[in-house]
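What follows is a single structure, written as structure tokens, with notes after it.
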Amino acid sequence: MKNLQICLLVLLAALFAGCETEGKFRDTSYYNPQVTFNPTWLQGDYRITYNGSESPYVSKSEKTFKLEIFRKDDATDTPVLAENECPSDKAITLFRPVGSELAVYTGNEDKYTTFIPTIIFSGNKDDYTATFNNGEIEEGETNYIAKDNLTGTFRIVRKADNTILYEEEITLEADGTLQFMQLSDTEFLEIPESDEPDPESRQYTKIRFFYTADAFPEHDKLRLVVYLMDLDAAQFTEAIATIELEAGKISEYIQIDNDAFGQGSVNGVYDLIDENGNMIVDNTQHFNTSIQIGTSDNKFMTFRFVDPSHQGGDNVGCSRILYTPWE
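Residues -19 to -1, 1 to 308 (mature numbering (1 follows the signal peptide of the UniProt record, and there is no 0)) make up the sequence shown, in order.
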């Protein structure tokens, strides 16, 4: 009996030793390539093979391996991406550059850059598609794009009827942003990237203006003269700024002192003058026109001039369409 127990112990020891040896062999003789998707939700659409196998192990005797990516919903078993020489010992990121289904990044490539498109829609953003050179872009997300593909056609398309609502030839900035705002069903305005510094303190707000050509037909340029008034419309400043406006372009910022009348809050009035010196809005006569600045809760504000009647005067509106609050 004792001899049998000794034999069993020897056998168990041999088995454990064999398992340990097998574990060491697996750990030291194979790579487990780290392949990830960016963004991660892409992973649900694809399956991966390593040297033709779905097993994620590659022999260390092979410095590179063949990586193939297949769509899960494709019955043809044709890869959407095949890389014959992926490094076995480096992390690999699969991403979707604009205009392509997938691409590989291992940390050494300098072929791609990124940009973030922001489109402010007046309705449901899911009703629209934005494309660049016919490649769909993800609004509000980091998009990858080849550096040799930065110039091309930007479009905004309504999905319901594939109508192109906006189309323009543009050049993207590497690691930059692309910002547009919807003004109407078929009208969009590009908002240029700004490096405008914050106001000096919460006592101040920076504001800017724009108008579109349809608001004031035949007026490609207008002069805007801005004044401040207190909340009771009893006190007014002299002109604090004169701005040359150009149709379809956003003006530079001007800084407003919200404590100009000791109330911590102000509004504005304005003169709007055409190229010939004619007053479209005269603040001394048209009392229903104003710039609603309000309190100092916002550090940046953007206003749009509109005039559906094309009659000027009290028919002109100045609407706040963008703002950035203090944090």
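Backbone N, C-alpha and C fix where the C-beta goes; we use that ideal spot for every residue, glycine too.
Keep in mind the model is a prediction, meaning the values are calculated, not measured.
Worksheet entry | When Gln163, Leu253, Val262 are compared against Leu303, the one with the closest alpha-carbon | On the sequence shown, residue 303 is found 322 positions in, with the first residue counted as 1. When only C-alpha atoms are compared, the closest one is Gln163.
Item checked: For Thr94 and Ala111, the rounded distance between their alpha carbons -> What you label residue 111 is simply residue 130 of the sequence shown in a count that begins at 1. What you label residue 94 is simply residue 113 of the sequence shown in a count that begins at 1. Cα to Cα, Ala111 sits roughly 19 Å from Thr94.
Do the segment 164 to 182 and the segment 215 to 225 make contact, defined as three or more Cβ pairs closer than 8 Å? With the rule of 3 Cβ pairs closer than 8 Å, the segment 164 to 182 does not count as touching the segment 215 to 225.
Worksheet entry | Gly19, enclosing beta strand (DSSP E) - first and last residue | Your numbering for residue 19 matches position 38 in the sequence shown. Correcting the residue type first, residue 19 is Asn in the shown sequence and not Gly. Asn19 -> beta strand (DSSP E) spans 16 to 19.
Task: Under the three-state DSSP convention, the category Asp252 falls into - done: If you number the sequence shown from 1, residue 252 lands on position 271. Correct three-state label for Asp252: strand.
State yes or no: is the C-beta of Leu209 within less than 7 Å of the C-beta of Ser246? For the purposes of this step, residue 209 is taken as residue 228 along the sequence shown, with counting starting at 1. For the purposes of this step, residue 246 is taken as residue 265 along the sequence shown, with counting starting at 1. No.
query = If you pair each beta-carbon of the segment 114 to 131 with each one of the segment 74 to 88, do three or more pairs fall below 8 Å?
reply = Contact between the segment 114 to 131 and the segment 74 to 88 is present, because at least three Cβ pairs lie under 8 Å.
Item to complete: Give the straight-line distance between the Cα atoms of Ile231 and Pro20, rounded to the nearest whole angstrom.
Response: Counting from 1 along the sequence shown, the entry for residue 231 is found at position 250. Counting from 1 along the sequence shown, the entry for residue 20 is found at position 39. Roughly 34 Å between the two C-alpha positions.
Checklist entry - Closest by CA to Thr132, which one among Glu148, Asn114, Lys280? => result Against the sequence shown, residue 132 aligns to sequence position 151. The option with the nearest alpha carbon to Thr132 is Asn114.
- Task: Pull up the distance between the alpha-carbon of Glu148 and that of Phe191, whole angstroms please.
- Result: To locate residue 148, count along the sequence shown from 1; it is residue 167. To locate residue 191, count along the sequence shown from 1; it is residue 210. C-alpha separation (whole angstroms): 20 Å.
Q.
Pairs of beta-carbons, one from the segment 181 to 198 and one from the segment 269 to 282, closer than 8 Å: are there three or more?
A. A contact exists between the segment 181 to 198 and the segment 269 to 282.
Taking 7 Å as the cut-off, decide whether the C-beta atoms of Glu66 and Thr45 are in contact.
The sequence position of residue 66 within the sequence shown is 85, counting from 1. The sequence position of residue 45 within the sequence shown is 64, counting from 1. Cβ distance < 7 Å, so Glu66 and Thr45 count as in contact.
Am I right that Thr74 and Glu49 are in contact with their C-beta atoms under 8 Å? What's the rounded C-beta distance? Indexing the sequence shown from 1 puts residue 74 at position 93. Indexing the sequence shown from 1 puts residue 49 at position 68. Not a contact, Cβ separation roughly 16 Å.
| message | Taking 7 Å as the threshold (C-beta atoms), are Phe217 and Leu159 in contact? | response | For the purposes of this step, residue 159 is identified with residue 178 of the sequence shown, where counting begins at 1. For the purposes of this step, residue 217 is identified with residue 236 of the sequence shown, where counting begins at 1. Contact flag unset, no.
Subject >> Nearest-angstrom Cα separation, counted from Ala141 out to Lys47 >> reply: Translated into positions along the sequence shown, residue 47 becomes position 66. Translated into positions along the sequence shown, residue 141 becomes position 160. Lys47 and Ala141 have their C-alpha atoms spaced approximately 41 Å apart.
- What three-state label does DSSP hand Ser300 in the structure shown? As a working note, residue 300 is residue 319 in the sequence shown. In the displayed model, Ser300 falls within a strand according to three-state DSSP.
Notebook entry, point to check: Should Ile100 and Phe161 be called a contact, given that it needs their Cβ atoms to be closer than 7 Å?
Noted result: Along the sequence shown, read from residue 1 onward, the residue named residue 100 stands at position 119. Along the sequence shown, read from residue 1 onward, the residue named residue 161 stands at position 180. Result yes, Cβ atoms of Ile100 and Phe161 sit closer than 7 Å.
With C-beta atoms as the reference, is Gln236 less than 7 Å away from Lys202? Against the sequence shown, residue 236 aligns to sequence position 255. Against the sequence shown, residue 202 aligns to sequence position 221. Not a contact, by the Cβ cut-off of 7 Å.
In angstroms, rounded to a whole number, what distance separates the CA positions of Asp58 and Val16?
-> Along the sequence shown, one-based indexing puts residue 58 at 77. Along the sequence shown, one-based indexing puts residue 16 at 35. Going from the Cα of Asp58 to the Cα of Val16 covers about 20 Å.
**Q.** Short Cβ contact (7 Å threshold) for Asn264 with Val287
**A.** For the purposes of this step, residue 264 is taken as the residue at position 283 of the sequence shown. For the purposes of this step, residue 287 is taken as the residue at position 306 of the sequence shown. It is not a contact, given that the beta carbons lie outside the stated cut-off.
TODO: Can you tell me which of the three DSSP states Gln292 falls into?
DONE: What you label residue 292 is simply residue 311 of the sequence shown in a count that begins at 1. Gln292: coil per DSSP, three-state reduction.
State the CB to CB distance for the pair Arg189 and Ile254, rounded to an integer number of angstroms; the pair is presumed to be in contact (CB under 8 Å).
-> Here residue 189 corresponds to residue number 208 of the sequence shown, with the count starting at 1. Here residue 254 corresponds to residue number 273 of the sequence shown, with the count starting at 1. Between the beta-carbon of Arg189 and that of Ile254 there is about 18 Å, and that puts the pair past the 8 Å contact cut.
Q) Once you ignore the five residues that flank Glu256 on each side, which residues in its own chain have a CB closer than 6 Å to its CB? A) Taking the sequence shown and counting its residues from 1, the one referred to as residue 256 is at position 275. Taking C-beta separations shorter than 6 Å and ignoring five residues to either side along the sequence, the partners of Glu256 in its chain run Lys202, following chain order.
**OP:** Sort out for me which residues DSSP pairs Phe113 with in a bridge.
**Re:** In the sequence shown, counting from the first residue as 1, residue 113 sits at position 132. DSSP output for Phe113 lists Gly116, Phe135 as bridge partner(s).
task = Closer than 6 Å by C-beta to residue 339: which residues in its own chain qualify, once you throw out the five before and the five after it? Chain order, please.
result = A query on residue 339 cannot be resolved here, the shown segment of the chain reaching from -19 to 308 and no further.
Legend entry - CB contact flag (Arg285, Ser300, <7 Å): Residue mapping note: residue 285 aligns to position 304 of the sequence shown, counting from 1. Residue mapping note: residue 300 aligns to position 319 of the sequence shown, counting from 1. Yes, the pair counts as a contact, with Cβ atoms nearer than the cut-off.
Is the beta carbon of Asp295 closer than 7 Å to that of Asn269? Position 288 of the sequence shown, counting from 1, holds the residue named residue 269. Position 314 of the sequence shown, counting from 1, holds the residue named residue 295. Inclusion of Asn269 and Asp295 in the CB contact set at 7 Å is warranted, their separation being smaller than that value.
### Message
Give me, in chain order, the residues of the same chain whose beta-carbon lies closer than 6 Å to that of Val138; leave out the 5 immediate sequence neighbours on both sides.
### Response
Residue 138 sits at position 157 when you count from the first residue of the sequence shown. Sequence-distant Cβ neighbours of Val138 in its own chain, meaning closer than 6 Å and more than five residues away, are Thr110, Ile145.
Considering only the beta carbon of each residue, do Lys41 and Tyr86 sit closer than 7 Å? Residue mapping note: residue 41 aligns to position 60 of the sequence shown, counting from 1. Residue mapping note: residue 86 aligns to position 105 of the sequence shown, counting from 1. In this structure, Lys41 lies away from Tyr86, with their beta-carbon atoms at least 7 Å apart.
inquiry  = What ranges does the alpha helix (DSSP H) occupy inside the segment 21 to 108, keeping only unbroken runs of at least 4 residues that lie completely in it?
reply    = Within the segment 21 to 108, no complete alpha helix (DSSP H) run reaches 4 residues.
- prompt: What span of residues does the beta strand (DSSP E) with Gln160 cover, start to end?
  reply: To locate residue 160, count along the sequence shown from 1; it is residue 179. It spans 157 to 165 - the beta strand (DSSP E) in which Gln160 sits, taken as one unbroken run.
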